[in-house]
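Those letters in the sequence shown? Residues 1 to 199, per UniProt numbering, in order. From the three backbone atoms N, C-alpha and C, an ideal C-beta is built for every residue, glycine too. Here is the structure we will look at, set down as structure tokens.
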Amino acid sequence: METKCKRNGCKKPYNENENNDQACKHHPGKPIFSDLKKGWTCCNKIVYDWDEFTKIEPCAVGRHTNIDVNQGGEFYQSKTVENAQKGIDNFATNAPYPVRKIDDYNKEEAEKKKLLEQQQAKVQKQIFVTPTGKYKCTNKGCLKEYDPNENTECFFHPGEPCFHDLKKFWTCCKVEKYDWDEFMKIPTCAKGSHTPKVV
1 METKCKRNGC
11 KKPYNENENN
21 DQACKHHPGK
31 PIFSDLKKGW
41 TCCNKIVYDW
51 DEFTKIEPCA
61 VGRHTNIDVN
71 QGGEFYQSKT
81 VENAQKGIDN
91 FATNAPYPVR
101 KIDDYNKEEA
111 EKKKLLEQQQ
121 AKVQKQIFVT
131 PTGKYKCTNK
141 GCLKEYDPNE
151 NTECFFHPGE
161 PCFHDLKKFW
171 TCCKVEKYDW
181 DEFMKIPTCA
191 KGSHTPKVV
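Okay, here's the thing in structure tokens:
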């Protein structure tokens with residue numbers, strides 16, 4: 001007499017006399033349906049199309065069973081759903097919400113701040129110095145080497161370069177050119193301080 005297997009990904013009829021440890025290919029996890037995403041918790045594969053979901057290969061083998069193995073609900077529930085349900089239950093029963101001690105909160109925040117400062121210290125940027133001991137300006141239209149000890153002015157383009165069709169120009173001064181060499185010779189339109197390159 002045939003019985004229908006209740007394992008996810010299988011659901012096939014089987015004869016107990018022919019049942020063995022390699023007979024059932026199935027998903028031991030639960031199906032995930034979140035927004036447009038579909039998948040299984042056991043094999044960590046997410047797809048968006050229903051046909052692709054049904055074609056996800058089972059990731060486990062074992063014996064067929066007619067016992068319901070979907071304990072704790074048929075579908076996967078995220079912690080968001082669980083936390084929301086707890087909030088609803090607490091509100092319905094007037095149960096007190098857990099309260100954190102201010103000392104514990106302050107200690108946790110201090111540890112977070114310390115960790116952030118350590119991470120920032122590791123990625124502390126340094127000014128790039130050329131082989132001649134000078135700084136390299138990063139202002140568009142300048143890009144020159146300069147001595148930081150000398151009070152030199154920087155002539156640059158504060159806007160952005162634009163390349164539309166065959167036209168080339170800067171958004172700050174809008175002098176249009178078609179030839180690349182002529183574009184490179186467009187006079188800068190702003191004056192200020194150099195901006196050093198950092199690494």
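Tell whether a beta-carbon distance below 7 Å holds between residue 190 and residue 158.
yes
Helix, strand or coil: which one does DSSP assign to residue 41?
coil
Span separating the alpha-carbon of residue 60 from that of residue 22
9 Å
State the start and end residues of the unbroken beta strand (DSSP E) segment that holds residue 3.
2-4
Going by DSSP, which residues form a beta bridge with residue 170?
161
For residue 33, report the span of its beta strand (DSSP E) as first-last.
31-34
Residue from 51, 148 and 139 whose Cα sits closest to the Cα of residue 155
Answer by Cα proximity: 139.
By how many angstroms is the C-alpha of residue 142 removed from the C-alpha of residue 178?
Approximately 21 Å between the Cα atoms of the pair.
Nearest to residue 145 (by Cα), restricted to the options 152, 153, 151 and 135:
135
Classify residue 207 as helix, strand or coil using the three-state DSSP reduction.
The requested residue 207 is not part of the displayed model; the chain covers only 1 to 199.
Report, in whole angstroms, the separation of the C-beta atoms of residue 9 and residue 25, which I expect to be a contact under 8 Å.
Between residue 9 and residue 25, the beta carbon gap of about 7 Å places them in contact (Cβ cut-off 8 Å).
Where residue 182 falls: helix, strand or coil (DSSP):
helix
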